[in-house]
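Top to bottom, those sequences are chains Z and G.
Be aware that the first sequence starts at 421, since it is given in this note's numbering, and climbs by one per residue.
Be aware that the second sequence starts at 421, since it is given in this note's numbering, and climbs by one per residue.
For glycine and all other residues, C-beta sits at the position ideal for the given N, C-alpha and C.
Taking it in order: structure first as structure tokens, then the write-up.
There are 2 protein chains.
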Amino acid sequence: MKRSSRLIDLTIYFNNHPNVRTSLTYFSERFKAAKSSISEDLAILKKYYEQENIGQLITISGVTGGVVFIPRDSKQMIEKNLDQLIAEIHAKDRLLPGGYLYISDIIGSPHHVRTIGSALASAFQDEQIDVIMTIATKGIPIAYSIASFINVPVICVRQSLEITEGSMVTIHYESGSKNTLYSMGLSRQALKKGQRVLVIDDLLKVGGTIRGMVQMVQEFEATLAGIGVFIESSGHPRIQEDYVSLLKYNEKVREGKKPILSYGNIGKYVKN
Amino acid sequence: MKRSSRLIDLTIYFNNHPNVRTSLTYFSERFKAAKSSISEDLAILKKYYEQENIGQLITISGVTGGVVFIPRDSKQMIEKNLDQLIAEIHAKDRLLPGGYLYISDIIGSPHHVRTIGSALASAFQDEQIDVIMTIATKGIPIAYSIASFINVPVICVRQSLEITEGSMVTIHYESGSKNTLYSMGLSRQALKKGQRVLVIDDLLKVGGTIRGMVQMVQEFEATLAGIGVFIESSGHPRIQEDYVSLLKYNEKVREGKKPILSYGNIGKYVKN
Numbered sequence: 421m422k423r424s425s426r427l428i429d430l431t432i433y434f435n436n437h438p439n440v441r442t443s444l445t446y447f448s449e450r451f452k453a454a455k456s457s458i459s460e461d462l463a464i465l466k467k468y469y470e471q472e473n474i475g476q477l478i479t480i481s482g483v484t485g486g487v488v489f490i491p492r493d494s495k496q497m498i499e500k501n502l503d504q505l506i507a508e509i510h511a512k513d514r515l516l517p518g519g520y521l522y523i524s525d526i527i528g529s530p531h532h533v534r535t536i537g538s539a540l541a542s543a544f545q546d547e548q549i550d551v552i553m554t555i556a557t558k559g560i561p562i563a564y565s566i567a568s569f570i571n572v573p574v575i576c577v578r579q580s581l582e583i584t585e586g587s588m589v590t591i592h593y594e595s596g597s598k599n600t601l602y603s604m605g606l607s608r609q610a611l612k613k614g615q616r617v618l619v620i621d622d623l624l625k626v627g628g629t630i631r632g633m634v635q636m637v638q639e640f641e642a643t644l645a646g647i648g649v650f651i652e653s654s655g656h657p658r659i660q661e662d663y664v665s666l667l668k669y670n671e672k673v674r675e676g677k678k679p680i681l682s683y684g685n686i687g688k689y690v691k692n
Numbered sequence: 421m422k423r424s425s426r427l428i429d430l431t432i433y434f435n436n437h438p439n440v441r442t443s444l445t446y447f448s449e450r451f452k453a454a455k456s457s458i459s460e461d462l463a464i465l466k467k468y469y470e471q472e473n474i475g476q477l478i479t480i481s482g483v484t485g486g487v488v489f490i491p492r493d494s495k496q497m498i499e500k501n502l503d504q505l506i507a508e509i510h511a512k513d514r515l516l517p518g519g520y521l522y523i524s525d526i527i528g529s530p531h532h533v534r535t536i537g538s539a540l541a542s543a544f545q546d547e548q549i550d551v552i553m554t555i556a557t558k559g560i561p562i563a564y565s566i567a568s569f570i571n572v573p574v575i576c577v578r579q580s581l582e583i584t585e586g587s588m589v590t591i592h593y594e595s596g597s598k599n600t601l602y603s604m605g606l607s608r609q610a611l612k613k614g615q616r617v618l619v620i621d622d623l624l625k626v627g628g629t630i631r632g633m634v635q636m637v638q639e640f641e642a643t644l645a646g647i648g649v650f651i652e653s654s655g656h657p658r659i660q661e662d663y664v665s666l667l668k669y670n671e672k673v674r675e676g677k678k679p680i681l682s683y684g685n686i687g688k689y690v691k692n
């Protein structure tokens, strides 16, 4: 394979295999090319990723060495994408009873879901994550998008018992904003003791659902590795745990009927 | 930008913008390069996609012309991926009461979800699709994966009323396998009259849930453009509509306690 085709192939390969350490021998055999040629290809890719602020290509030397691509948006790239999201959210009336925002169209867009996932993944690339936990419904596409950049499986907590999940572990939790008791269940096979779990949801208000998922992590004797949300709604008593949010809005701060969104705390967790 | 960097950039661009017609002028300005150079880049990409059986790069001439990437797995590529899925499904005991299969770990893998979505998308690339409709929970990641290859939004039908969806249209439908009445709802804003809808779910047994979604499409005066499922379970009276399935299994055909899966009807809908 010629350099031009190798570069296309490597770009697709790294896109589909983030955080996977691959040996030069693998590429050398795949392309029937000398390792020195592959090293030159990788240098071109490394430079491109850095210039475009979309990730790092790291070379590990030694017998167990190889190369690994870590997708990582710069703070500047994330803010550019958040500006676009904010503009689209502000463009129409989204306020629902109870101070909720209608964001199903935003979450329905493959483009927005990719930029949301890419930004949140960037905040957690340096944590050791074994699995991403989320809850139906709108957390799911965000969790899968993050998973595609970190390369770990997604497990989905259910708010109803589900026959296709096999035997389930069920817990009860208090939904903070409604002061009601809910239950959630997770397949017994889904999570192993000691695994490090990233908890993801679309919206954080008081944090009842997220506290429920944290409780579920503990129930399986797994470890909480982080919490990430798309939008946090401020002006509520808040959960204790640290979390990363992309956007923030205050139900009380409105321009007419329009809520005004701003950046969440993501800036503290990513590099310039 | 040099050719090597342009090829990397174009590969990422087409990956993130399938089915989008882009003018050569756009690339020419983006790269500050002559259109003749861009044409040569595109010829290299076109050859690569065809050789690897992962899609077509189509050039449209004229004033409104440009270039469009259509991701499309060959039949051979799909069967290779299905073989891998079947092997993994056969590798452990997955049979649940009621003849259901435990596939949450398969659906939880970003890698498998990508190959499932890529295969199903290939069957529908020639249809005009405006939106993909699915239902919580396991249909969601599959629908988003397909959406990322076709480049259309996803809408998610709910089995419970949901305050964050605004006003909803609710229908009642009969779950074929249980002879019980269920309801499902969809936000009134989610779908427009006349839109062409691809209905997606993870599992097709008798087809009650899918019939429900088809009924929902009609309720909005939209048009059914196709139905796609990951696994169809045979040995049931079946829905009338055409559908595309990746895998098939018959609850009655087992090797010990293991159900034996085979290819669904996908082969009829894709090219060699």
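Its Cα nearest to that of ALA567/G, the residue GLN545/G stands out among GLN545/G, LYS668/G and ARG578/G. Annotation for HIS592/G: the continuous beta strand (DSSP E) segment containing it runs 588 to 595. Put simply, the CB of ASN501/G is far from chain Z, with every gap to its CB atoms at 9 Å or more. The segment 424 to 434 of chain Z makes contact with the segment 442 to 458 of chain Z: 3 or more CB pairs, one atom from each, lie closer than 8 Å. DSSP places LYS455/G inside the alpha helix (DSSP H), whose first and last residues are 455 to 472. DSSP, read as helix, strand or coil, puts GLY605/G in strand. Counting every other CB atom within 10 Å of its CB across the protein chains shown gives GLN548/Z a total below 16, marking it as exposed. Chain Z has no Cβ within less than 9 Å of the Cβ of ALA645/G. Around ILE428/G, the beta-carbon contacts reaching into chain Z at under 7 Å are LEU427, THR431, LEU465 and TYR468. The residues ASP493, SER494, GLN496 and MET497, in chain order, have a CB closer than 8 Å to that of ASN473/G in the same chain once the five nearest residues on each side in sequence are set aside. Here GLU641/G has LYS613 and GLY614 as same chain residues with Cβ atoms under 8 Å from its own Cβ, once five neighbours each way along the sequence are excluded. Proximity to GLN471/Z across PHE489/G, ILE509/G, ILE536/G and ARG426/G peaks at ARG426/G, based on C-alpha coordinates. If you draw a straight line from the Cα of TYR663/G to the Cα of SER457/Z, it comes to about 47 Å.
Nearest Cα to ALA610/G within the set PHE569/Z, LEU618/Z, ASP525/Z and MET421/Z: ASP525/Z. Per the coordinates, the alpha-carbon of SER529/G lies some 7 Å from the alpha-carbon of VAL574/Z. For GLY628/Z, no Cβ of chain G is located within less than 9 Å of the residue's own Cβ. Listed in chain order, the alpha helix (DSSP H) runs fully inside the segment 489 to 513 of chain Z are 495 to 510, counting runs of at least 4 residues. Chain-ordered, the chain G residues with CB closer than 7 Å to the CB of ALA556/Z read ALA556 and THR557.
Taking a C-beta distance under 9 Å as the contact criterion, VAL634/G and VAL619/G qualify as a contact pair. With contacts defined by Cβ atoms closer than 9 Å, LYS672/Z and GLY684/Z do not form a contacting pair. Between GLY628/G and ILE686/Z, the alpha-carbon positions lie close to 43 Å from each other. Taking 3 residues as the minimum length, the beta strand (DSSP E) runs contained wholly in the segment 545 to 584 of chain Z are 551 to 555 and 574 to 577, in order along the chain. In this structure, the beta-carbon distance from MET636/Z to LEU601/Z does not fall below 9 Å. Counting along the chain, no beta strand (DSSP E) covers GLY655/G, and no H or E run does either. No Cβ of chain G is located within less than 9 Å of the beta carbon of THR445/Z.
For LEU601/G, no chain Z residue has a Cβ inside 9 Å of its Cβ, as the nearest lies near 16 Å away. The three-state secondary structure of ARG631/G, taken from DSSP, is helix.
For LYS466/Z, the CB contacts under 7 Å within the same chain, skipping 5 residues up- and downstream, are LEU477 in chain order.
CA-CA distance, ILE552/G to ASP461/G, rounds to 33 Å.
Going by beta carbons, THR584/G and LEU516/Z fall inside the 9 Å limit.
The DSSP-derived three-state label of PRO679/Z is strand. For the segment 610 to 626 of chain G, the set of residues with a beta-carbon nearer than 8 Å to any beta-carbon of chain Z comprises ALA610 and LEU623, in chain order. Taking each of LYS678/G, VAL483/G and ALA463/G in turn and checking the Cα distance to HIS510/G, the smallest one comes out for LYS678/G. For GLN615/G, the three-state secondary structure derived from DSSP is coil. Residues of the same chain with a CB within less than 6 Å of the CB of ARG578/Z, apart from the 5 flanking positions on each side, are GLY605 in chain order.
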